[in-house]
Amino acid sequence: MITVTGSATTHPALAGLVSNDTATVHRALAGLRRSLAAEAITDQVYTDLNAVLDEDADPAPDQALLITERLRATSALLIGVVPRLTHPYPTEAMLRLLDVSAHHPHPAETRGHVRRLALAVLTVLDLLGDDAP
370 MITVTGSATT HPALAGLVSN DTATVHRALA GLRRSLAAEA ITDQVYTDLN
420 AVLDEDADPA PDQALLITER LRATSALLIG VVPRLTHPYP TEAMLRLLDV
470 SAHHPHPAET RGHVRRLALA VLTVLDLLGD DAP
């Protein structure tokens, strides 16, 4: 819990800007968490997930490679953000994401790998729930 004490709470210039009540602190923390998630999870992530996981999806090998690289970058951001957003920490899902994102398959296996990576990212996004943008 964050507590504000001292001159910040009594200084006239800060009157109304600083609060030490629990509800305000929790709203501020929720906003910061959503901001962290928004930095990691862009519209491009959802576009990439759709390009790979839609029912009729069949990305070309060069497109699959580009999507893989973007999803790896997203994975790295999620690895830094998820500990701040979820409790309890989703150990199994995060280990799966780490494992899949670290794998660099033979070019012939790129399509299957990008699907596995997309599923791992989607699983983590599902665990974020309302904190995911």
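Just add 369 to the spot in the sequence shown (first one is 1) and you have our numbering.
Every residue, glycine too, gets a C-beta built ideally from N, C-alpha and C.
*Tell me whether the beta-carbon of A462 lies closer than 8 angstroms to the beta-carbon of L496.*
yes
*For H475, which of helix, strand or coil comes out of DSSP?*
coil
*By how many angstroms is the C-alpha of A397 removed from the C-alpha of T391?*
10 angstroms
_For a test of the three-state rule: what should DSSP assign to Y458, helix, strand or coil?_
coil
*asked:* Buried or exposed, going by whether 16 or more other CB atoms sit within 10 Å of the CB of D417?
replied: buried
*Simplified DSSP state of E424, which is helix, strand or coil*: coil
*asked:* If the criterion is Cβ atoms closer than 8 angstroms, does the pair A487 and V421 meet it?
replied: yes
*How would you label R480, buried or exposed, when you count the other beta carbons within 10 angstroms and need 16 or more for buried?*
buried
*asked:* So, with DSSP's three-state summary, where would you put I436?
replied: helix
*Determine the burial state of A335: buried for a count of at least 16 other Cβ atoms within 10 Å of its Cβ, exposed for fewer.*
Lying before the first or after the last residue shown, residue 335 is absent from the chain, which here runs from 370 to 502.
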